[in-house]
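Novice: Provided herewith is a single structure, encoded as structure tokens, for subsequent inquiry.
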Amino acid sequence: MTDWFDADARVISAGYQPACLIDLALCRGLDSHRLMRGSGLFYEDLLLPDAVISARQYLKLVDNARQLLGADDSSFLLGQRLLPGHFGPCSNLLLLADSGLQALQDLVQFRAILCPLLSPRLVLDEHHAYLYWVDAVGLGRNRQFLFEASMTAVTALLRTLMGASLPWEYRLAWGEPRHVEQYWVHLGERLRFDAPVTCMRLPRELLVTAPQSASPMLARITRQQAELALAAMPGQGTLSEVVFAALYQQIRKRVGLEQLAEQLGMSPATFKRRLQRDGAGFQELLDRAHTQLAMELYQGRGYSHEQVAASLQISDRTNFRRLLKRLTGKSPDSLRVWLES
């Protein structure tokens, strides 16, 4: 199974996403000492060229900044700074992509460097590209803030590459906030709140045009550099991210906690303890995997209720209805109406 790294492992360059966040906070007049409080970090240390921090420390910086800034536009302004960013060869690779689709595929492949707290998933059907956003480290109360920032970042990146705003549709797993006008300004008006999962959708045909900045030869060289940078990391993602991916891939096998712990080379007790330390329990990750697959089958493949139930290995219609209601807050029929409306 894919190697993973602990949320306390120092793998994130302080000069990457943390620097974007710190710059935004300082531009808004925040005191650096208050921003660093509780993170175990010091501003002067982060200026060193080889400074690295953990996902948990970065998340603490996000939490502090979100509370101290206290402004409705903070997440969106952060997102404007994040992509393509200044994250070494991975950022250069995004700028040299031969299509918008390639840029999204690279974002997913190099997500541990380009968006270390989240796990974007790209799903394609005949007509659309879906970019789903999955919590990778137990974001807690910062989930909406970081999802807003990440969606803004991708929106801005594709606008830069394609030279125009694209008609993204956004499905958001929270209720309509009081600052909805910030969504209109930074994302547009194609918004659906109270969604079962958070995703962005765009017609595939709009992602095939080659950007003016595309450079096949430079992109090939840069990709090799980006792959070396990714290989130098201690793993391909956090434990929560790896477990979610394993559960998603093995839904038909109904893999349990003990089986997955064995696959990861841990005792069940150690496995549960490490997941809890990452802010996610096994059942929560299993629910996420079920919800993710169900939504992909409904949205991307147009599956019937019976086909989705079979994919989730549920033969009883009543049990499927109960599961979907618990996972999405909607019955199968009301979910389909919601998706098609």
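The letter at position 231 of the sequence shown is residue 231 when you use full-length UniProt numbering, and the numbering goes up by one with no holes.
All residues carry an ideal CB built from backbone N, CA and C; glycine is no exception.
What residues in its chain sit with their C-beta under 8 Å from that of L68, if we drop five residues either side in the sequence?
Specialist: Numbered from its first residue, the sequence shown carries residue 68 at position 68. Result list for L68: A25, L30, R34, L35, in chain order.
Novice: Considering just the uninterrupted stretch of the alpha helix (DSSP H) at V11, what are its terminal residues?
Specialist: One-based indexing of the sequence shown puts residue 11 at position 11. First-last for V11: 10–13, but that is the beta strand (DSSP E), not the alpha helix (DSSP H).
Novice: Within a Cβ cutoff of 6 Å, which residues of the same chain sit near R56, ignoring the five residues on either side of it in sequence?
Specialist: Position 56 of the sequence shown, counted from the start, is the residue given in the question as residue 56. Cβ neighbours of R56 beyond the five flanking positions: A7, D8.
Novice: Is V243 near the ligand COA - that is, is its Cβ less than 7 Å away from at least one heavy atom of it?
Specialist: The model depicted lacks the ligand COA and carries no ligand whatsoever.
Novice: Threshold first: 4 residues or longer. Then list the alpha helix (DSSP H) segments lying entirely within the stretch 128–162, N to C.
Specialist: Qualifying alpha helix (DSSP H) stretches, in chain order: 143–162.
Novice: Does DSSP put R171 in a helix, in a strand, or in coil?
Specialist: Sequence index remark: in the sequence shown, residue 171 carries index 171 (1-based). Note: R171 maps to strand in three-state DSSP.
Novice: Does DSSP classify I221 as helix, strand or coil?
Specialist: Walking along the sequence shown from the start, residue 221 turns up at place 221. Helix.
Novice: I need the boundaries of the alpha helix (DSSP H) containing R326, first residue and last residue.
Specialist: What you label residue 326 is simply residue 326 of the sequence shown in a count that begins at 1. Run containing R326: 317–328, per the alpha helix (DSSP H) assignment.
Novice: Rounded to whole angstroms, how far is the Cβ of Q249 from the Cβ of D3, which I believe are closer than 8 Å?
Specialist: Sequence index remark: in the sequence shown, residue 249 carries index 249 (1-based). Sequence index remark: in the sequence shown, residue 3 carries index 3 (1-based). Not a contact, Cβ separation roughly 16 Å.
Novice: Hey, L202 and L247: beta-carbon distance below 8 Å or not?
Specialist: Within the sequence shown, numbered from 1, the residue matching residue 202 stands at position 202. Within the sequence shown, numbered from 1, the residue matching residue 247 stands at position 247. Cβ atoms of L202 and L247: not closer than 8 Å.
Novice: In terms of residue numbering, what span does the beta strand (DSSP E) encompassing I53 cover?
Specialist: As a position in the sequence shown, residue 53 is number 53, starting the count at 1. Here the beta strand (DSSP E) through I53 covers 52–54.
Novice: From which residue to which residue does the alpha helix (DSSP H) around L206 run?
Specialist: Walking along the sequence shown from the start, residue 206 turns up at place 206. From DSSP, L206 is part of no alpha helix (DSSP H); its letter is neither H nor E.
Novice: Taking V185 as part of the alpha helix (DSSP H), name the residues at either end of that continuous run.
Specialist: Taking the sequence shown and counting its residues from 1, the one referred to as residue 185 is at position 185. Per DSSP, V185 belongs to the alpha helix (DSSP H) from 180–186.
Novice: Would you kindly report the start and end of the unbroken beta strand (DSSP E) that includes R121?
Specialist: As a first step, residue 121 must be located in the sequence shown, where it is residue number 121. First-last of the beta strand (DSSP E) with R121: 118–124.
Novice: Would you call the CB atoms of R267 and L95 closer than 8 Å?
Specialist: Here residue 267 corresponds to residue number 267 of the sequence shown, with the count starting at 1. Here residue 95 corresponds to residue number 95 of the sequence shown, with the count starting at 1. The sequence as given places Ser at residue 267; Arg does not occur at that position. No, the pair does not count as a contact, with Cβ atoms beyond the cut-off.
Novice: Classify W133 as buried or exposed, calling it buried when 16 or more other Cβ atoms lie within 10 Å of its own Cβ.
Specialist: Mapped onto the sequence shown, residue 133 falls at position 133. The residue is buried, with at least 16 neighbouring Cβ atoms inside 10 Å.
Novice: So, at 6 Å on beta carbons, what are the nonlocal neighbours of T198 in its own chain, with the 5 sequence-adjacent residues on each side left out?
Specialist: Counting from one through the sequence shown, the residue named residue 198 turns up at place 198. Only W133, F147, L172, A173 meet the Cβ criterion.
Novice: Can you tell me whether DSSP reads R190 as helix, strand or coil?
Specialist: Indexing the sequence shown from 1 puts residue 190 at position 190. DSSP places R190 in coil when its eight states are reduced to three.
Novice: Quick one: measure Cβ to Cβ for T291 and L239, integer angstroms, because I've assumed they're closer than 8 Å.
Specialist: Counting from 1 along the sequence shown, the entry for residue 291 is found at position 291. Counting from 1 along the sequence shown, the entry for residue 239 is found at position 239. Going by Cβ atoms, the distance from T291 to L239 rounds to 20 Å, so no, they are not a contact pair.
Novice: For V243, count the other beta carbons within 10 Å of its own beta carbon; 16 or more makes it buried, fewer makes it exposed. Which is it?
Specialist: Along the sequence shown, one-based indexing puts residue 243 at 243. When all chains shown are included, V243 counts as buried.
Novice: What residue ranges within the UniProt domain "HTH araC/xylS-type" (241–338) form continuous beta strand (DSSP E) runs of no fewer than 3 residues, ordered along the chain?
Specialist: For the UniProt domain "HTH araC/xylS-type" (241–338), not a single whole beta strand (DSSP E) run of length 3 or above is found.
Novice: Among L47, E296, G15, which residue has its Cα nearest to the Cα of D125?
Specialist: Locating residue 125 in the sequence shown gives position 125, counting from the first residue. Looking at the Cα atoms, E296 is the closest of the given residues.
Novice: Could you spell out the range, first to last residue, of the alpha helix (DSSP H) harbouring M36?
Specialist: Looking up residue 36 in the sequence shown gives position 36. Counting along the chain, the alpha helix (DSSP H) containing M36 begins and ends at 32–36.
Novice: Nearest-angstrom Cα distance between R301 and A51?
Specialist: Along the sequence shown, read from residue 1 onward, the residue named residue 301 stands at position 301. Along the sequence shown, read from residue 1 onward, the residue named residue 51 stands at position 51. Their Cα atoms are separated by approximately 45 Å.
Novice: If you scan the stretch 40–97 from start to end, which runs of the alpha helix (DSSP H) of 4 or more residues do you find wholly inside it?
Specialist: Segments of the alpha helix (DSSP H) lying fully in the stretch 40–97: 43–46, 55–69, 74–82, 89–95.
Novice: Could you tell me the alpha carbon to alpha carbon distance between Y170 and F271, rounded to whole angstroms?
Specialist: The count along the sequence shown starts at 1 and reaches residue 170 at position 170. The count along the sequence shown starts at 1 and reaches residue 271 at position 271. Approximately 35 Å, taken between the alpha carbons.
Novice: Assuming H186 and T152 make a contact with CB atoms under 8 Å, what is their CB distance in whole Å?
Specialist: If you number the sequence shown from 1, residue 186 lands on position 186. If you number the sequence shown from 1, residue 152 lands on position 152. Contact holds; Cβ gap of about 5 Å.
Novice: Could you check how far apart the C-beta atoms of L118 and S150 are, in whole angstroms? I think they sit under 8 Å.
Specialist: Working through the sequence shown from its first residue, we reach residue 118 at position 118. Working through the sequence shown from its first residue, we reach residue 150 at position 150. Between S150 and L118 the Cβ distance is about 6 Å, and since that is below 8 Å, they are a contact.
Novice: What does the Cβ neighbour count give for R121, buried or exposed, with the cut at 16 atoms within 10 Å?
Specialist: Walking along the sequence shown from the start, residue 121 turns up at place 121. By the neighbour-count rule (16 or more Cβ atoms within 10 Å), R121 is buried.
Novice: For residue 361 versus L101, is the C-beta distance shorter than 8 Å?
Specialist: The structure shown does not extend to residue 361, since the chain is modelled only from 1 to 341, so the question has no answer here.
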